Amino acid sequence: MEIALELVEIMLIKFRAEKKWTLQAIEQLNEEDIVCRPSTESNSIANLVAHISGAVHSRIETILLDISDTRDRDKEFERGLQMTKEQALVKTRDAFNILIRYLELLKATPELLMSQPFLHRPPLTYSQVDNETTALNLMMAMFREIHFHTGQIIYAAKIRKGQLVWDYT
(Lines of atoms letter the chains of each structure in order from A and count residues from 1; the text may use other names and numbers.)
(Lines give C-alpha, C1' and ligand atoms only; values in the text may rest on other atoms or scores of the structure.)
Protein backbone atom coordinates (compact mmCIF):
# COMPACT_ATOMS: atom_id res chain seq x y z
CA MET A 1 0.00 0.00 0.00
CA GLU A 2 2.94 2.34 0.60
CA ILE A 3 3.85 2.34 -3.09
CA ALA A 4 0.24 3.09 -4.07
CA LEU A 5 0.10 6.01 -1.64
CA GLU A 6 3.39 7.30 -3.03
CA LEU A 7 1.85 7.17 -6.54
CA VAL A 8 -1.15 9.16 -5.29
CA GLU A 9 1.18 11.76 -3.76
CA ILE A 10 3.15 12.01 -7.00
CA MET A 11 -0.09 12.42 -8.99
CA LEU A 12 -1.21 15.18 -6.61
CA ILE A 13 2.05 17.06 -7.19
CA LYS A 14 1.87 16.55 -10.95
CA PHE A 15 -1.82 17.50 -11.28
CA ARG A 16 -1.26 20.67 -9.25
CA ALA A 17 1.63 21.62 -11.53
CA GLU A 18 -0.35 20.70 -14.65
CA LYS A 19 -3.21 22.92 -13.44
CA LYS A 20 -0.83 25.83 -12.86
CA TRP A 21 0.86 25.60 -16.28
CA THR A 22 -2.37 25.08 -18.20
CA LEU A 23 -4.08 28.02 -16.51
CA GLN A 24 -1.03 30.23 -17.13
CA ALA A 25 -1.08 29.33 -20.83
CA ILE A 26 -4.81 30.05 -21.18
CA GLU A 27 -4.48 33.34 -19.27
CA GLN A 28 -2.10 34.63 -21.96
CA LEU A 29 -4.61 34.05 -24.75
CA ASN A 30 -7.45 36.12 -26.13
CA GLU A 31 -10.96 34.99 -27.08
CA GLU A 32 -9.98 34.21 -30.68
CA ASP A 33 -7.05 32.06 -29.52
CA ILE A 34 -9.38 29.87 -27.44
CA VAL A 35 -11.50 28.83 -30.43
CA CYS A 36 -8.80 28.79 -33.13
CA ARG A 37 -7.77 25.40 -34.52
CA PRO A 38 -4.09 25.15 -35.51
CA SER A 39 -5.12 23.09 -38.57
CA THR A 40 -8.31 21.72 -40.08
CA GLU A 41 -7.73 18.39 -38.36
CA SER A 42 -6.75 19.85 -34.99
CA ASN A 43 -8.86 20.63 -31.97
CA SER A 44 -9.13 24.12 -30.58
CA ILE A 45 -8.24 24.89 -26.99
CA ALA A 46 -12.00 25.14 -26.41
CA ASN A 47 -12.39 21.54 -27.66
CA LEU A 48 -9.55 20.31 -25.46
CA VAL A 49 -10.85 22.08 -22.36
CA ALA A 50 -14.36 20.73 -23.00
CA HIS A 51 -12.90 17.24 -23.44
CA ILE A 52 -10.88 17.39 -20.21
CA SER A 53 -13.93 18.68 -18.36
CA GLY A 54 -16.12 15.94 -19.86
CA ALA A 55 -13.66 13.17 -19.01
CA VAL A 56 -13.34 14.39 -15.42
CA HIS A 57 -17.12 14.63 -15.13
CA SER A 58 -17.84 11.15 -16.47
CA ARG A 59 -15.04 9.37 -14.64
CA ILE A 60 -14.42 11.27 -11.40
CA GLU A 61 -17.26 13.67 -10.61
CA THR A 62 -19.77 10.82 -10.88
CA ILE A 63 -17.86 8.96 -8.15
CA LEU A 64 -17.36 11.95 -5.84
CA LEU A 65 -20.87 13.38 -6.10
CA ASP A 66 -22.75 10.20 -7.06
CA ILE A 67 -24.42 11.90 -9.99
CA SER A 68 -25.35 10.32 -13.27
CA ASP A 69 -23.09 10.81 -16.26
CA THR A 70 -24.49 13.57 -18.48
CA ARG A 71 -21.47 13.84 -20.75
CA ASP A 72 -21.94 14.53 -24.45
CA ARG A 73 -18.50 13.53 -25.77
CA ASP A 74 -19.34 14.28 -29.42
CA LYS A 75 -20.15 17.90 -28.53
CA GLU A 76 -16.68 18.29 -26.98
CA PHE A 77 -15.16 17.87 -30.46
CA GLU A 78 -17.63 19.92 -32.51
CA ARG A 79 -15.95 22.17 -35.01
CA GLY A 80 -16.66 25.77 -34.15
CA LEU A 81 -17.25 25.03 -30.45
CA GLN A 82 -17.53 28.41 -28.77
CA MET A 83 -16.02 29.14 -25.37
CA THR A 84 -14.81 32.38 -23.85
CA LYS A 85 -11.44 32.71 -22.21
CA GLU A 86 -13.16 33.00 -18.82
CA GLN A 87 -15.18 29.83 -19.47
CA ALA A 88 -11.98 27.99 -20.44
CA LEU A 89 -10.29 29.12 -17.23
CA VAL A 90 -13.26 28.11 -15.07
CA LYS A 91 -13.70 24.70 -16.73
CA THR A 92 -9.98 23.98 -16.47
CA ARG A 93 -9.79 25.07 -12.83
CA ASP A 94 -12.91 23.09 -11.92
CA ALA A 95 -11.71 19.90 -13.66
CA PHE A 96 -8.35 19.98 -11.90
CA ASN A 97 -9.98 20.75 -8.55
CA ILE A 98 -12.17 17.65 -8.93
CA LEU A 99 -9.16 15.49 -9.81
CA ILE A 100 -7.18 16.85 -6.86
CA ARG A 101 -10.12 16.41 -4.50
CA TYR A 102 -10.49 12.76 -5.52
CA LEU A 103 -6.78 12.10 -5.10
CA GLU A 104 -6.88 13.72 -1.66
CA LEU A 105 -9.80 11.43 -0.77
CA LEU A 106 -7.79 8.39 -1.93
CA LYS A 107 -4.79 9.55 0.08
CA ALA A 108 -6.88 10.03 3.22
CA THR A 109 -8.73 6.73 2.70
CA PRO A 110 -6.14 4.31 1.27
CA GLU A 111 -8.53 1.35 1.40
CA LEU A 112 -10.36 2.99 -1.53
CA LEU A 113 -7.31 2.64 -3.80
CA MET A 114 -8.17 -0.93 -4.71
CA SER A 115 -11.94 -0.35 -4.72
CA GLN A 116 -13.87 -0.69 -7.97
CA PRO A 117 -15.96 2.51 -8.05
CA PHE A 118 -17.72 1.70 -11.34
CA LEU A 119 -18.49 -1.96 -10.65
CA HIS A 120 -22.22 -1.37 -10.07
CA ARG A 121 -22.67 1.61 -12.39
CA PRO A 122 -23.72 1.77 -16.04
CA PRO A 123 -20.99 0.67 -18.46
CA LEU A 124 -18.25 3.21 -19.03
CA THR A 125 -18.12 4.59 -22.54
CA TYR A 126 -15.21 6.22 -24.34
CA SER A 127 -12.87 5.09 -21.63
CA GLN A 128 -9.50 3.44 -21.51
CA VAL A 129 -10.66 1.49 -18.44
CA ASP A 130 -13.63 -0.79 -17.86
CA ASN A 131 -16.13 -1.04 -15.00
CA GLU A 132 -13.90 -3.46 -13.11
CA THR A 133 -11.02 -1.00 -12.86
CA THR A 134 -9.67 0.03 -9.49
CA ALA A 135 -9.64 3.62 -8.26
CA LEU A 136 -5.85 3.60 -8.49
CA ASN A 137 -5.85 2.36 -12.09
CA LEU A 138 -8.52 4.91 -13.00
CA MET A 139 -6.33 7.72 -11.72
CA MET A 140 -3.28 6.36 -13.52
CA ALA A 141 -5.31 6.39 -16.76
CA MET A 142 -6.63 9.90 -16.04
CA PHE A 143 -3.09 11.09 -15.37
CA ARG A 144 -1.98 9.96 -18.83
CA GLU A 145 -5.01 11.41 -20.60
CA ILE A 146 -5.02 14.78 -18.84
CA HIS A 147 -1.28 15.24 -19.37
CA PHE A 148 -1.67 14.43 -23.06
CA HIS A 149 -4.39 17.06 -23.56
CA THR A 150 -2.82 19.79 -21.43
CA GLY A 151 0.31 19.37 -23.53
CA GLN A 152 -1.84 19.98 -26.60
CA ILE A 153 -3.32 23.11 -24.99
CA ILE A 154 0.11 24.52 -24.18
CA TYR A 155 1.40 23.70 -27.66
CA ALA A 156 -1.63 25.35 -29.29
CA ALA A 157 -1.09 28.41 -27.07
CA LYS A 158 2.54 28.58 -28.19
CA ILE A 159 1.46 28.33 -31.83
CA ARG A 160 -0.85 31.30 -31.29
CA LYS A 161 1.44 33.44 -29.12
CA GLY A 162 4.96 32.28 -29.88
CA GLN A 163 6.76 32.71 -26.60
CA LEU A 164 4.70 32.24 -23.45
CA VAL A 165 5.64 33.83 -20.14
CA TRP A 166 5.80 31.50 -17.15
CA ASP A 167 5.60 32.28 -13.43
CA TYR A 168 7.78 29.68 -11.72
CA THR A 169 6.91 30.71 -8.16
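For the sequence shown, the working numbering begins at 23 and goes up steadily by one. By construction, the Cβ of each residue, glycine as well, lies at the ideal position given by its N, Cα and C atoms. Remember, predicted model here, so these are calculated numbers, not experimental data.
Residue j beta carbon less than 9 Å from that of residue i
i	j	result
Asp55	Lys107	yes
Pro60	Ala163	no
Gly110	Ala77	For the sequence presented, residue 110 should be read as Ala rather than Gly. Contact flag unset, no.
His73	His169	no
Ala157	Leu186	no
Spatial distance of residue i from residue j (CA atoms)
i	j	result
Asp94	Val71	14 Å
Asn153	His142	8 Å
Gly184	Leu125	34 Å
Trp188	Gln50	10 Å
Leu87	His79	10 Å
Arg115	Pro145	27 Å
Glu98	Thr191	33 Å
Glu100	Thr131	39 Å
Gln46	Ile89	31 Å
Glu53	Gln104	9 Å
Thr44	Ile181	15 Å
Thr62	Gly102	11 Å
Ser149	Ile25	25 Å
Ser236	Asp96	Residue 236 lies beyond the stretch modelled for the chain, which goes from 23 to 191, so this question has no answer here.
Close Cβ partners of residue i (< 8 Å) along its chain, the five nearest in sequence each way excluded
i	result
Lys129	Leu27, Val30, Glu31, Leu34
Phe37	Phe118, Leu121, Ile122, Leu125, Phe165, Ile168
Residues of its chain near residue i, where Cβ-Cβ distance is below 7 Å and the 5 sequence neighbours each way are ignored
i	result
Thr155	Gln138, Phe140
Cys58	Ser66, Arg182
Val151	Asn159, Leu160, Ala163
Cutoff 6 Å; reference residue i; Cβ partners in own chain excluding five residues on either side
i	result
Thr84	Asp91
Lys41	Phe118
Ser75	Lys113, Ala117
Assigned exposure category for residue i - 16 Cβ within 10 Å defines buried
i	result
Met23	exposed
Ala39	exposed
Ile48	buried
Ile175	buried
Ile82	buried
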